[in-house]
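In what follows, a structure is listed as structure tokens, so that the remarks can point back to it.
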Amino acid sequence: DGGITQSPKYLFRKEGQNVTLSCEQNLNHDAMYWYRQDPGQGLRLIYYSQIVNDFQKGDIAEGYSVSREKKESFPLTVTSAQKNPTAFYLCASARLAGDNEQFFGPGTRLTVL
Amino acid sequence: AQSVAQPEDQVNVAEGNPLTVKCTYSVSGNPYLFWYVQYPNRGLQFLLKYITGDNLVKGSYGFEAEFNKSQTSFHLKKPSALVSDSALYFCAVRDMLKGTGRRALTFGSGTRLQVQP
Chain A
965 DGGITQSPKY LFRKEGQNVT LSCEQNLNHD AMYWYRQDPG QGLRLIYYSQ
1015 IVNDFQKGDI AEGYSVSREK KESFPLTVTS AQKNPTAFYL CASARLAGDN
1065 EQFFGPGTRL TVL
Chain V
411 AQSVAQPEDQ VNVAEGNPLT VKCTYSVSGN PYLFWYVQYP NRGLQFLLKY
461 ITGDNLVKGS YGFEAEFNKS QTSFHLKKPS ALVSDSALYF CAVRDMLKGT
511 GRRALTFGSG TRLQVQP
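Sequence order for the protein chains is A and V.
Just so it is clear: in the first sequence, position 42 is 1006 by the numbering used here, and no numbers are missing.
Just so it is clear: in the second sequence, position 44 is 454 by the numbering used here, and no numbers are missing.
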């Protein structure tokens, strides 16, 4: 988990609320990623960004939004339009050059009450 | 697009026995392959990677992986399993993200390893 922090570790949301998950990295990586993981399952890419002020939709972007105003920060907002937001959310970063090895944060567990 | 498959949802092995977690891949060009491990409620931790060179790659915690180009496989191995190795293991391949020309990792669905004492 070194170099990437996510907060909070646990988050509870009421139906109809937007919530924002924080992701910060001090690895000087250009690329950052958000994944969703459901119990016992693999990772699904929500959004990614490879440069400041630019981001692209992944495979399951509906109901989510992101921003990339600073190189080290890539917050994810889970909006009320996301129909089933309860999941474990993982942030990762990588260098653009080379082998693209990704470094992961510790994750945020979001539960909708 | 590149893809990676982990054919086993779960692998059970007794402590002290050798373990293998399987991964096969489909890529165009030379593959960049990775193994990650995830403990409960934690992020993914890097174990090892194959970029080029020796087909046997050594990684963290005594794990190794064998790259086999003819069988398009990259199986994770350990000579003697520990109970503490019980976790979720992911294989990944460097891929081009759809319609962007940009590279990222595509992950397999994961294999749960259970090591019994």
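Backbone N, C-alpha and C define an ideal beta-carbon position, used for all residues, glycine too.
Bear in mind that the values here come from a model prediction, so they are computed numbers and not experimental data.
Going by DSSP in three states, residue i sits in which element: helix, strand or coil?
i, result
"V/SER494", "helix"
"A/ASP965", "Its pLDDT being 47, under 50, A/ASP965 is placed unreliably in this model, and the value from its coordinates should be taken loosely. Coil."
"A/SER1057", "strand"
"V/TYR449", "coil"
"A/SER1013", "strand"
"A/SER1044", "coil"
"V/TYR471", "helix"
"A/LYS978", "coil"
"V/THR430", "strand"
"V/ALA424", "strand"
"A/PHE1038", "coil"
"A/ASN992", "coil"
May I have the straight-line CA-CA distance separating residue i from residue j, to the nearest angstrom?
i, j, result
"V/GLY439", "V/TYR499", "25 Å"
"V/LYS488", "V/ALA424", "12 Å"
"V/ARG522", "V/ASN451", "14 Å"
"V/VAL421", "A/PHE976", "33 Å"
"V/LEU454", "A/GLY980", "30 Å"
"V/ASP464", "A/THR984", "44 Å"
"V/GLN481", "V/PRO417", "14 Å"
"A/TYR974", "V/PHE473", "31 Å"
"A/CYS1055", "A/ILE1010", "10 Å"
"V/VAL459", "V/TYR471", "Reading the sequence as shown, one finds Lys at residue 459 of chain V and not Val. One C-alpha to the other measures close to 14 Å."
"A/THR969", "A/THR1043", "22 Å"
"A/VAL1016", "V/PHE517", "25 Å"
"A/SER1029", "A/TRP998", "11 Å"
"A/PRO972", "A/SER986", "7 Å"
Mind checking whether residue i and residue j have CB atoms under 9 Å apart?
i, j, result
"A/GLU1065", "V/LEU457", "no"
"V/LEU492", "V/VAL447", "no"
"A/GLN1001", "A/GLY1069", "no"
"A/GLN1005", "A/PHE1038", "no"
"V/ARG504", "V/LEU466", "no"
"A/LEU1077", "A/PRO1049", "no"
"V/TYR449", "V/PHE484", "no"
"A/ALA1058", "A/HIS993", "yes"
"A/LEU991", "A/GLY1022", "no"
"V/TRP445", "V/ALA497", "no"
"A/LEU1060", "A/GLN1020", "no"
"V/GLY426", "V/SER494", "no"
Determine, using beta carbons only, whether residue i comes closer than 9 Å to chain C.
i, result
"A/LEU1074", "The chain labelled as chain C is not found among the protein chains of the depicted structure, namely A and V."
Quick one: which residues of the segment 480 to 494 of chain V get their C-beta closer than 9 Å to a C-beta of chain A? List them in chain order. none
Taking beta-carbon pairs under 9 Å, can you tell me which members of the segment 1050 to 1072 of chain A lie near chain V? PHE1052, LEU1054, CYS1055, ALA1056, ALA1058, LEU1060, GLY1062, ASP1063, ASN1064, GLU1065, GLN1066, PHE1067, PHE1068, GLY1069, PRO1070, GLY1071
Given a limit of 9 Å on CB to CB distance, which residues of the segment 511 to 523 of chain V reach chain A? ARG512, ARG513, ALA514, LEU515, THR516, PHE517, GLY518, SER519, GLY520, ARG522
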